[in-house]
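Residue numbers (this note's numbering): 21 to 748.
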């Protein structure tokens, strides 16, 4: 029933899907299948595996993106509810499992707890709950199998979020404390066996993934420090959101680097960055703590947080008096990983990680309250909590109360009076069942204010941005990188994304766009309403720049919504360049030069052609135009892989690579494999025309015209010539 009430969240429309995190998870899934691209450990490879498995079955659908997101949400919600159920069963000696599940259902349904949706957050919560349930059961039966299963869940949680590494430490400490032991000593003679069983499966999962990643990519990079430092930098804008007008996360980067130094200066260490300016970090920490109550309130239903807090507090008091303090301590230690967010940043999302613990404590409090409601102090405490909810809601709604609050408050008051003045107080089981039934009715009543008014199936193909997806798929060759702020549309079109964040962190101007280092590496630029809302000044500048740029054309444009797709002319022509143009180089691949783009084409190519890497060395006419880090070499390397920049069409392999904006003297390119050397390479010279004839080994001159900073194909015939020499 809970799932049915949540179908508007679990079966989303394209418009409901997030621009960043969830789109990135879906993209990592299809790239795992299509390109064999593995995710760094710190960025949640389990999300890639989950969405990759779903992609195998849904890839043929034109609406694969929406269906994949819906499938992932349904699977994760099922795991989340299963985790809550397993925890409720594990703590059944202290609470009534049905009541715990009812409280969880009320908060999920009535208060839109699952919004905004983030797949990694809820999957982590599910796996964490499952691991905790196994740990509690181990305390009862001392079965090592429980520890092994719990360790597997912790290992999978670590493959979902970085928090899983800290969760493993909590898991091992709790095993040491909760294991049966002959004496009060923490390290008695039998400690090593349960600790080994609790640790080994999780380490094997993490280490096994790292080993597979190293074999595939040649790198043992885990990315944990890099991701932590990135979160630390992002957190400055989130923590001091009131200081910034636009996207706080991006705008705060300038300040955080000025205060603490860059990642390179600090060696990627957050602790070193804090040591650089402890006073500034202290101010940030105070601000973070001050803003935490507001975030908790937003996550747990605003005014109705009082009801949950009262029940959870009553549960803590009951467990303490009943000498079941181990449960309170275990739940607290289990969530020690949340302390790391004081170093990075607190988001509303992260406060939800304590949801299952709060539900367990609230269920304990409900049981204690129901068994002792004849005591006037119990009724008074609950009445004060409900009146507090009403007063809070009255103030927030500007002297009005929303139907959800009235339903919950009215039902609670009725239940108090009916139970308190019953002539023959019913048995505890009857009262618990009555409370469970009432809570379920309240949940349905609360949901009445937020159920969708349209069909609950994923509605596809109805939005402007979905039309942009179709155009991007038709106009942009696969593998063409597109600059964008949000990733959703380009992920749905299966096109690589170049983030605009580094550009958006600067002052808006046309000159900043013209000198942006990412400009000559993209085949198009996508702008959407999300960019216009977060960065209105930048949106105006970008629209003005690309609408008048001679190298770009508007492949899709909707002025009212603020949706634009600008594409390079040369990129749009790359799909059939072999039909109208002579290659500048003939070798393992035919190589065509389209003003600002190289196009590699090979007829009837095989898997080995796609596995070999492409190297590309670009030598400028003026060495001073080289980026400083490449001046010693004398050329700019732009090597790439086919799976990143290529596609297969009618048995023909086609790859594209953007060229730099400066005037080019020569290009050297080919294919190689590490350890096996080059399979082919060739050189394309771009120089002033002279009297010397082209040698017999040279390719025919390309009719596309000269390659210059502002020129377009065919504008200055005869000014330059291209000479190509190929070697196998």
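Just so you know, even glycine gets a beta-carbon here, dropped at the ideal spot from N, CA and C. None of the values given here were measured: they were computed from a predicted structure.
Classify residue 35: buried if its beta carbon has 16 or more other beta carbons within 10 angstroms, exposed otherwise.
Counting from one through the chain shown, the residue named residue 35 turns up at place 15. By the neighbour-count rule (16 or more Cβ atoms within 10 Å), residue 35 is not buried but exposed.
Let me know if residue 697 comes out buried or exposed under the rule of 16 or more other beta-carbons within 10 Å of its beta-carbon.
In the chain shown, the residue the question calls residue 697 occupies position 677. It is exposed - the Cβ of residue 697 has fewer than 16 other Cβ atoms within 10 Å.
The alpha helix (DSSP H) spanning residue 244 covers which residue range?
Start at 1 with the first residue of the chain shown, and residue 244 comes out as number 224. Element bounds for residue 244: 244-259.
What is the rounded straight-line gap between the Cα of residue 288 and the Cα of residue 632?
For this step, residue 288 is matched to residue 268 along the chain shown. For this step, residue 632 is matched to residue 612 along the chain shown. If I take the Cα positions, the gap works out to 32 Å.
Look at residue 199 and residue 221 and say whether their C-beta atoms are less than 8 Å apart.
The sequence position of residue 199 within the chain shown is 179, counting from 1. The sequence position of residue 221 within the chain shown is 201, counting from 1. Against a cut-off of 8 Å, the Cβ pair of residue 221 and residue 199 comes out as no contact.
Start and end of the beta strand (DSSP E) containing residue 52?
Start at 1 with the first residue of the chain shown, and residue 52 comes out as number 32. Residue 52 -> not in any beta strand (DSSP E); alpha helix (DSSP H) instead, spanning 41-54.
Just the C-alpha distance for residue 619 and residue 524, rounded to the nearest angstrom, thanks.
Taking the chain shown and counting its residues from 1, one reaches residue 619 at position 599. Taking the chain shown and counting its residues from 1, one reaches residue 524 at position 504. The alpha-carbon atoms of residue 619 and residue 524 are separated by roughly 30 Å.
Cutting at 6 Å between CB atoms, please list the residues of its own chain near residue 486, excluding the five before and the five after it.
As a first step, residue 486 must be located in the chain shown, where it is residue number 466. Excluding positions up to five away in sequence, the list reads 34.
In terms of alpha-carbon separation, which member of 539, 531 and 529 lies closest to residue 518?
Counted from its first residue, the chain shown places residue 518 at position 498. If we check each option's Cα against that of residue 518, 539 comes out closest.
Would a check of beta-carbon distances place residue 134 closer than 8 Å to chain B?
Considering every chain present, this structure includes no chain B. It has just one protein chain.
Residues in its own chain within less than 6 Å of residue 361 by CB, not counting five upstream and five downstream?
What you label residue 361 is simply residue 341 of the chain shown in a count that begins at 1. Excluding residues within five positions, the ones whose Cβ falls inside 6 Å are 370.
Classify residue 674: buried if its beta carbon has 16 or more other beta carbons within 10 angstroms, exposed otherwise.
Along the chain shown, read from residue 1 onward, the residue named residue 674 stands at position 654. Label assigned to residue 674: buried.
For residue 72 and residue 695, the rounded distance between their alpha carbons
Taking the chain shown and counting its residues from 1, the one referred to as residue 695 is at position 675. Taking the chain shown and counting its residues from 1, the one referred to as residue 72 is at position 52. Taking the straight line joining both Cα atoms gives about 30 Å.
Which of helix, strand or coil does DSSP assign to residue 722?
In the chain shown, counting from the first residue as 1, residue 722 sits at position 702. Only weak support exists for where residue 722 lies, its pLDDT of 35 falling under 50; the value from the coordinates is given anyway. Coil.
Count Cβ pairs between the stretch 380-391 and the stretch 303-311 that sit closer than 8 Å; are there 3 or more?
no
Buried or exposed, going by whether 16 or more other CB atoms sit within 10 Å of the CB of residue 709?
In the chain shown, counting from the first residue as 1, residue 709 sits at position 689. Caution applies to residue 709, whose pLDDT of 37 falls short of 50 and renders its modelled position unreliable; the value that the coordinates give is listed next. Label assigned to residue 709: exposed.
Excluding the 5 residues preceding and the 5 following residue 296 in the sequence, name in chain order all residues of the same chain whose CB lies nearer than 6 Å to its CB.
On the chain shown, position 276 is the one that residue 296 refers to. Only 280 and 281 meet the Cβ criterion.
Between which residues of its own chain and residue 603 is the CB-CB distance below 7 Å, once the five residues before and five after are set aside?
Your numbering for residue 603 matches position 583 in the chain shown. Within the same chain, residue 603 has close Cβ partners 610, 611, 612 and 719.
Is the beta carbon of residue 571 sitting closer than 8 Å to the one on residue 616?
Taking the first residue of the chain shown as position 1, residue 571 is located at position 551. Taking the first residue of the chain shown as position 1, residue 616 is located at position 596. It is a contact, given that the beta carbons lie within the stated cut-off.
Using 10 angstroms around the beta-carbon of residue 286, count the other beta-carbons present and answer buried if the total reaches 16, otherwise exposed.
Here residue 286 refers to the residue found at position 266 of the chain shown. Looking at its Cβ environment, which holds 16 or more other Cβ atoms inside 10 Å, residue 286 is buried.
Taking the alpha helix (DSSP H) that residue 353 falls in, what are its first and last residues?
The residue given as residue 353 occupies position 333 in the chain shown. 345-354 is the span of the alpha helix (DSSP H), which, as asked, contains residue 353.
Which of the three DSSP states is assigned to residue 357 in this structure?
The sequence position of residue 357 within the chain shown is 337, counting from 1. Correct three-state label for residue 357: helix.
Where residue 542 sits in the DSSP three-state scheme:
Along the chain shown, read from residue 1 onward, the residue named residue 542 stands at position 522. In this structure, residue 542 counts as coil in the three-state DSSP scheme.
Could you spell out where the alpha helix (DSSP H) holding residue 508 opens and where it closes?
Translated into the one-based positions of the chain shown, residue 508 becomes position 488. Element bounds for residue 508: 508-512.
For residue 486, the three-state DSSP class (helix, strand or coil)
On the chain shown, residue 486 is found 466 positions in, with the first residue counted as 1. Residue 486: helix per DSSP, three-state reduction.
Under 8 Å, do residue 660 and residue 639 count as touching if we go by C-beta distance?
On the chain shown, position 640 is the one that residue 660 refers to. On the chain shown, position 619 is the one that residue 639 refers to. It is not a contact, given that the beta carbons lie outside the stated cut-off.
Pair within 8 Å by beta-carbon distance, residue 582 and residue 559
Here the question's residue 582 lines up with position 562 in the chain shown. Here the question's residue 559 lines up with position 539 in the chain shown. Yes.
Would residue 58 pass as a contact of residue 320 if the rule is Cβ separation under 8 Å?
Against the chain shown, residue 58 aligns to sequence position 38. Against the chain shown, residue 320 aligns to sequence position 300. In this structure, residue 320 does not lie closer than 8 Å to residue 58 by Cβ.
What number of angstroms, rounded off, separates the C-alpha of residue 293 from the C-alpha of residue 283?
Indexing the chain shown from 1 puts residue 293 at position 273. Indexing the chain shown from 1 puts residue 283 at position 263. Near 8 Å, if we compare the C-alpha coordinates of residue 283 and residue 293.
Got a sec, what are the start and stop residues for the beta strand (DSSP E) residue 585 sits in?
For the purposes of this step, residue 585 is identified with residue 565 of the chain shown, where counting begins at 1. Residue 585 -> beta strand (DSSP E) spans 583-588.
Can we say the stretch 230-245 touches the stretch 50-70, given the rule of at least three CB pairs closer than 8 Å?
yes
In the DSSP assignment, the alpha helix (DSSP H) including residue 307 goes from what residue to what residue?
Residue numbering aside, residue 307 sits at position 287 when the chain shown is read from its first letter. Run containing residue 307: 298-319, per the alpha helix (DSSP H) assignment.
Consult DSSP for residue 637 and reduce its assignment to one of helix, strand or coil.
Here residue 637 refers to the residue found at position 617 when the chain shown is read from its first residue. Correct three-state label for residue 637: strand.
Bridge partner(s) assigned by DSSP for residue 610:
Reading the chain shown from its first residue, position 590 is the one you call residue 610. Residue 610 pairs with 606 and 621.
Buried or exposed, going by whether 16 or more other CB atoms sit within 10 Å of the CB of residue 597?
Stepping through the chain shown from its first residue, residue 597 is reached at position 577. Residue 597 comes out buried.
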